[in-house]
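Novice: Protein chains in written order, with the working numbering: chain F, 11 to 326; chain R, 136 to 427.
Note that CB positions come from ideal geometry on N, CA and C, so glycine has one too.
Since we're looking at a predicted model, the values are computed, not measured.
1) According to DSSP, which residues form a beta bridge with residue 209 of chain R?
2) Taking C-beta pairs closer than 8 Å, name the residues in chain F that residue 381 of chain R reaches, listed in chain order.
3) According to DSSP, is residue 328 of chain R part of a helix, a strand, or is it coil?
4) Under 7 Å Cβ to Cβ from residue 195 of chain F, same chain only, skipping five residues before and after it: list those, please.
5) Quick check on this structure: which residue in R:270, R:400, R:355 has the alpha carbon closest to the alpha carbon of residue 233 of chain R?
6) What is the rounded straight-line gap between the Cα of residue 333 of chain F and the Cα of residue 318 of chain R?
7) Going by other Cβ atoms of all chains shown within 10 Å of its Cβ, with 16 needed for buried, is residue 33 of chain F buried or exposed?
8) Going by beta carbon distance, what residues of the same chain come within less than 7 Å of residue 177 of chain R, once the five residues before and after it are set aside?
9) Measuring only the C-alpha atoms, how far is residue 157 of chain R from residue 164 of chain R?
10) Would the beta-carbon of residue 235 of chain R fall within 8 Å of that of residue 268 of chain R?
11) Which of the three DSSP states, helix, strand or coil, is assigned to residue 189 of chain R?
12) Could you check if residue 214 of chain F is buried or exposed, using at least 16 other CB atoms within 10 Å of its CB as the buried criterion?
13) Report the three-state DSSP secondary structure of residue 89 of chain F (helix, strand or coil).
14) Rounding to the nearest angstrom, what Cα-Cα distance links residue 232 of chain F and residue 132 of chain F in this structure?
15) Which residues bound the alpha helix (DSSP H) around residue 355 of chain R?
16) Check each residue of the region 284-299 of chain R: if its Cβ is closer than 8 Å to any Cβ of chain F, include it; give the result in chain order.
17) Comparing the C-beta of residue 269 of chain F with each C-beta of chain R, is any distance below 8 Å?
18) Run through DSSP, which three-state label would residue 115 of chain F get?
19) Would you mind telling me which residues of chain R sit closer than 7 Å to residue 28 of chain F, beta carbon to beta carbon, in chain order?
20) Output, in sequence order along the chain, the residues in the region 297-311 of chain F whose CB is closer than 7 Å to any CB in chain R.
21) Output yes if chain F places a C-beta closer than 8 Å to the C-beta of residue 395 of chain R; else output no.
22) Under 8 Å by Cβ, that's how I've got residue 25 of chain F and residue 174 of chain R pegged, so tell me the actual separation to the nearest angstrom.
23) Could you tell me if residue 208 of chain F is buried or exposed, where buried requires 16 or more neighbouring beta carbons within 10 angstroms of its beta carbon?
24) On the CB-based measure, 16 or more other CB atoms within 10 Å of its CB, does residue 315 of chain R come out buried or exposed?
25) With a threshold of 16 other CB atoms inside 10 Å of the CB of residue 222 of chain F, please say whether the residue is buried or exposed.
26) Which of helix, strand or coil does DSSP assign to residue 96 of chain F?
27) How big is the Cα-Cα spacing for residue 283 of chain R and residue 212 of chain R?
28) Strictly under 8 Å for the Cβ-Cβ distance: is residue 162 of chain F near chain R by that measure?
29) Can you grab the Cα-Cα spacing for the pair residue 235 of chain F / residue 154 of chain F, in whole Å?
30) Per DSSP, what kind of secondary structure is residue 54 of chain F in: helix, strand or coil?
31) Comparing the C-beta of residue 416 of chain R with each C-beta of chain F, is any distance below 8 Å?
32) Mind checking if residue 157 of chain R is an interface residue toward chain F, Cβ cutoff 8 Å exclusive?
33) Within 10 angstroms of the Cβ of residue 393 of chain R, are there 16 or more other Cβ atoms? Answer buried if so, exposed if not.
34) Is residue 336 of chain R closer than 8 Å to residue 324 of chain R when the C-beta atoms are compared?
35) Please say whether residue 130 of chain F and residue 147 of chain F have beta carbons closer to each other than 8 Å?
36) Specify the secondary structure class of residue 219 of chain F as computed by DSSP and reduced to three states.
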């Protein structure tokens, strides 16, 4: 087991290395020069050159990457040339917003998915089941920006129940803060629930054919108790895994939704860094997002290995 | 976003296979019909008796659908909505059909080679795929369009490259299972070269699953192109695109909601149609027992 974990961990390092190298290359390809942008139109070429040298932008790219990597290995992610904010501060500042959005998304997704999955598993093969599985398929064709527009139209424009965009800090106005998260979380949850429902439904159908379920029925337990106490827990292993993977994806994937609803999360930080050519921030956030994604995948892999000894031995 | 669900749909109900197929049949024909309709209107957009997509009719700003001269209304600059929908379909279909060609060519070759030769090449290919998947796809798309400029060609290239990992995975998985089959062993025993086995024996069998996946990729590509346009990083204005139309319509959601809803509806139907056709093909070519 220890070798397996070690092997997987060793495999993560080159992936992270390649991701950061890729970001560095892309960032250096971006047009526009940070030094001249910062100094404005009035700056003399000498001043621009001086600033470039000061920021280390005159060095060749491989050298800049080396310096950056060395700093990162020493725990220094650098600071933005533009705002002076450190990458660490920028990320930890935005992270609570992204995490809150993620938590609400997963919670909403599960609240929708679990009852529907149980219902469909019990009614498996009937018209109701086919309707909901069909609906889950139709969702594949509804991208988040369409769902966002529909939700804004319905809840903000027509009913006027919730704000269309904007965000208030939790400390200032807890209710307003939660209200501003409802629409974005619903938008993301709309993409989550069909996947979660599908997974739980098929596992549940398999569990319901187990002998101990027949036993529970024979004992005369109420159907609700059988479903919720006896069948749900053993059926939810894959569900937990899938939900986990999706959390990893949501760290950086909420970019569009955060932009539409003007939430100051990691996704917006990323978009802002691209627009402003703020390489250091871009580089740091991508490293952060990729590391998060890779770590979640790693944990999920571990979970599989713990659950299924065949994987543990087969791959090693 | 560019990650495609290749495992989905494995839980086909066994109970009502016959009825299910007939139902999917009608949906399948409807989907093909819609794709043909959108495709033809996109090809012949310039010769159709519709207004220009960029001419502004200032008296008809935000005219509702059903107005005189503007069957589906006009946008905030008085441009004909129907015409913009048809010309926008041009962009979506061009990018949607061409970008997956890049993915299927490069990813397909890479996946087949990795699945057939195994060893170091496979480790390298799978590692590369993992890197591309760990990299936030929209960041790549945003950065490259910001650098290369916003044009249909560049957007196609970017989304095409982003699709490579998914195609590599599918091609590798299919090749892996096929390489163990008797006909490959037989071909090898007859002294066939690697090239011959790959092209004459494996390719025809890998092609069909890849084609099915290609159609699903078209659907995803249209969605991604729409996302870029929606964020203002797609095809530059005044060229119409469904994504940018949805985005522009957002500002007048309270007075003219149809400006967002019409392009959203067109895009939804098109993406759904490609998904239905792709999924039907996938179910037919899926070797797992559920689809037999």
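Specialist: The structure says:
1) Sequence index remark: in the second chain, residue 209 of chain R carries index 74 (1-based). According to DSSP, residue 209 of chain R bridges with R:215.
2) Taking the first residue of the second chain as 1, we reach residue 381 of chain R at position 246. Going along chain F in sequence order, the residues near residue 381 of chain R (Cβ under 8 Å) are 155, 156, 159.
3) Within the second chain, the letter at position 193 stands for residue 328 of chain R. In the structure shown, residue 328 of chain R sits in coil (DSSP, three-state: anything other than H, G, I, E or B).
4) The residue labelled residue 195 of chain F in the question sits at position 185 within the first chain. Cβ contact annotation for residue 195 of chain F (same chain, cutoff 7 Å, sequence separation greater than five): 111, 114, 115, 118, in chain order.
5) Reading the second chain from its first residue, position 98 is the one you call residue 233 of chain R. Ranking R:270, R:400, R:355 by Cα distance to residue 233 of chain R puts R:355 first.
6) No information on residue 333 of chain F is available, as it lies outside the stretch 11 to 326 that chain F covers here.
7) Within the first chain, numbered from 1, the residue matching residue 33 of chain F stands at position 23. Under this definition residue 33 of chain F is a buried residue.
8) By one-based count along the second chain, residue 177 of chain R stands at place 42. The residues 221, 224, 225, 228, in chain order, have a CB closer than 7 Å to that of residue 177 of chain R in the same chain once the five nearest residues on each side in sequence are set aside.
9) The residue you call residue 157 of chain R lines up with position 22 of the second chain. The residue you call residue 164 of chain R lines up with position 29 of the second chain. Its pLDDT being 46, under 50, residue 157 of chain R is placed unreliably by the model, and nothing is read from it.
10) Working through the second chain from its first residue, we reach residue 235 of chain R at position 100. Working through the second chain from its first residue, we reach residue 268 of chain R at position 133. In this structure, residue 268 of chain R does not lie closer than 8 Å to residue 235 of chain R by Cβ.
11) Taking the first residue of the second chain as 1, we reach residue 189 of chain R at position 54. In the structure shown, residue 189 of chain R sits in coil (DSSP, three-state: anything other than H, G, I, E or B).
12) Start at 1 with the first residue of the first chain, and residue 214 of chain F comes out as number 204. Its Cβ being crowded by 16 or more others within 10 Å, residue 214 of chain F is buried.
13) If you number the first chain from 1, residue 89 of chain F lands on position 79. DSSP places residue 89 of chain F in strand when its eight states are reduced to three.
14) Numbered from its first residue, the first chain carries residue 232 of chain F at position 222. Numbered from its first residue, the first chain carries residue 132 of chain F at position 122. About 14 Å.
15) Position 220 of the second chain, counted from the start, is the residue given in the question as residue 355 of chain R. First-last of the alpha helix (DSSP H) with residue 355 of chain R: 338-365.
16) Hits within the stretch: zero.
17) If you number the first chain from 1, residue 269 of chain F lands on position 259. Yes, residue 269 of chain F counts as interfacial toward chain R.
18) Taking the first residue of the first chain as position 1, residue 115 of chain F is located at position 105. Residue state, collapsed to three classes: helix.
19) Position 18 of the first chain holds residue 28 of chain F. The contacting residues are 266.
20) 299, 300, 303, 304
21) Walking along the second chain from the start, residue 395 of chain R turns up at place 260. Yes, contact with chain F.
22) Residue 25 of chain F sits at position 15 when you count from the first residue of the first chain. Residue 174 of chain R sits at position 39 when you count from the first residue of the second chain. That pair is no contact at about 40 Å.
23) On the first chain, residue 208 of chain F is found 198 positions in, with the first residue counted as 1. When all chains shown are included, residue 208 of chain F counts as buried.
24) Translated into positions along the second chain, residue 315 of chain R becomes position 180. Exposed, because fewer than 16 other Cβ atoms sit within 10 Å of the Cβ of residue 315 of chain R.
25) In the first chain, counting from the first residue as 1, residue 222 of chain F sits at position 212. Exposed: under 16 other Cβ atoms inside 10 Å.
26) Start at 1 with the first residue of the first chain, and residue 96 of chain F comes out as number 86. Note: residue 96 of chain F maps to strand in three-state DSSP.
27) Sequence index remark: in the second chain, residue 283 of chain R carries index 148 (1-based). Sequence index remark: in the second chain, residue 212 of chain R carries index 77 (1-based). Cα to Cα, residue 283 of chain R sits roughly 29 Å from residue 212 of chain R.
28) Position 152 of the first chain, counting from 1, holds the residue named residue 162 of chain F. Cβ-Cβ to chain R under 8 Å: yes for residue 162 of chain F.
29) Counting from one through the first chain, the residue named residue 235 of chain F turns up at place 225. Counting from one through the first chain, the residue named residue 154 of chain F turns up at place 144. Going from the Cα of residue 235 of chain F to the Cα of residue 154 of chain F covers about 36 Å.
30) Position 44 of the first chain, counted from the first residue, corresponds to residue 54 of chain F. DSSP places residue 54 of chain F in coil when its eight states are reduced to three.
31) Here residue 416 of chain R is taken as the residue at index 281 of the second chain, counted from 1. Residue 416 of chain R does not count as touching chain F.
32) One-based indexing of the second chain puts residue 157 of chain R at position 22. Low local confidence applies: a pLDDT of 46 at residue 157 of chain R is under 50, so the model's placement there is unreliable, with the coordinate-based value given in what follows. In terms of beta-carbon proximity, residue 157 of chain R stays away from the interface with chain F, with every pair separated by 8 Å or more.
33) For this step, residue 393 of chain R is matched to residue 258 along the second chain. It is buried - the Cβ of residue 393 of chain R has at least 16 other Cβ atoms within 10 Å.
34) By 1-based counting over the second chain, the position of residue 324 of chain R is 189. By 1-based counting over the second chain, the position of residue 336 of chain R is 201. No. Outside cutoff.
35) The residue given as residue 147 of chain F occupies position 137 in the first chain. The residue given as residue 130 of chain F occupies position 120 in the first chain. For residue 147 of chain F and residue 130 of chain F, no; Cβs fall outside 8 Å.
36) Taking the first residue of the first chain as position 1, residue 219 of chain F is located at position 209. Three-state DSSP puts residue 219 of chain F in coil, outside helix and strand.
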